[in-house]
Structures are given as structure tokens and as C-alpha cells.
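One structure is given below, encoded as C-alpha cells.
Residue numbers (my numbering): 722 to 965.
Shown next as C-alpha cells:
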């Protein structure tokens, strides 16, 4: 009996001595562990998992509905909830450049537009995937999308869609903003996250002068420089003429 009391006392002393260590150990949830796994895509576990998933996706059709998100942590961060009204579609997009769709390579234009093969898409593949899914599911609203896997030929994305006519969506104050008609086909107008990134839009440092897109701002700056240069040249000519 005294031996048992001594063991219990020593165990309590051990717990008391390690109380600070136990409290300093960070605690992570399940989604955080999944997130950390995807940050190490070249690890043996992820390489094997992605290889098996890509093989499975190749056996399916180009665009199909997924029963559940492959990456639940990523889907939830982008707005997905496991409730009625939310749908997940998986799609594959061919990697590489985009060939100009002309017959026999004849563009019938100026030499500047004669290119056929070495053309690159202006938008990223994720935005193209969202557009194709949105065109197929016209009655749903595209909320967001994320990368799932890729191989030598394709990139696979999962697109989160919302049913604007479902009561569970219309009664939820956190998502019923997407019910408004102004949000129809957001993916076609570059209003999703992938669409904004290809338009050069963003938040934070150096994103304060990108109204309308980075390309529009660049054109405005070039026009302003050109007008300033022309005015300066005219003023120099006037000064030279007066000196004569």
C-alpha cells in the first residue's frame, strides 16, 4: 500500500513538472493535418495517393459530379458546406497551349494574327474549368474551385456550385447573396477567385490601381505617357520657332 501511494505521488509530481510542456504543444484539427499533407506533394504518401487518384479520374468522364469533395479542408475554406444545395463537380482540362480553331491553318488576316500553334491561353486553366462546368450546369451558381490532381496531359479541378432555388440556400444569410440575379455566371465574367487572378486583380500592396484589370491600367498609363510626350514635343517645337 505505501508503495502504491509513492507511485501515485511520483506520477503527480511528474505531471506537475511537465504542465508547461503539455500546454505548449500545439493542437491541430483534422483539417489542418490534411492541409499539411497537401503542402508536401512530393512526399511518398502524397505521390502514391495522387497517382492512384489520377488513374481513377482517367477512367471517368471528362466532367462528372463528385459524391463529396476530395479535399474537404480546402472546400470548406472556399465556402462549401455539407448541406443541401451544395454540389461538387470534377472536371479535367488539357494542359499546354491553345491551338487557334481555324480550318487548314488559314486565319485570313494580317501576319500578326497568323499564329496557330504556339498560342497560350490568356486565362488560367482553373478559370477555364469553371467556365465549362458553369456552362453545363446553367441553373447553378459557381462559388469557387480548387486543384485536385494533375498528370502529364490533364489538370483536374473540383468546382463548388450552389443551387440558388433551394430553400436551404435562400434561408442561409451567409450564402443567400449568391441568389441575386447579378451573380449569374460569375465564372464567365471573371468574378471568381481564379478569374480575378487572371485579370490581375487582388488585395493588398500594389493592387491599388487595378480598376478594370491590370491590362486596362497598363493601356491607360501608356496613353498618358504618349500624350505627355506629344505635348512636350509640341512645346519644344514652339520654343524653337520663337527663338528663330
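Ideal Cβ positions, reconstructed from N, Cα and C, are used throughout, including at glycine.
Along the length of the region 752-819, whole alpha helix (DSSP H) runs at least 4 residues long occupy 765-780 and 793-798, reported in chain order. For residue 870, the uninterrupted beta strand (DSSP E) segment begins and ends at 862-871.
With respect to the C-alpha of residue 799, the residue from 901, 895 and 938 having the closest C-alpha is 895. The count of Cβ pairs closer than 8 Å, one atom from the region 784-796 and one from the region 826-841, stays below three, leaving the stretches out of contact. Here residue 823 carries a coil assignment [DSSP, helix/strand/coil]. Residue 917: not part of any beta strand (DSSP E); member of the alpha helix (DSSP H) spanning 914-920, first to last residue. Annotation for residue 879: the continuous beta strand (DSSP E) segment containing it runs 875-883. Rounded to whole angstroms, the Cβ separation of residue 845 and residue 918 is 7 Å, and the two are in contact under 8 Å. Counting along the chain, the unbroken alpha helix (DSSP H) around residue 846 starts and ends at 846-857.
Taking the CA atoms as reference points, residue 852 sits about 27 Å from residue 940. With respect to residue 879, residue 821 sits apart: the two C-beta atoms are not nearer than 8 Å.
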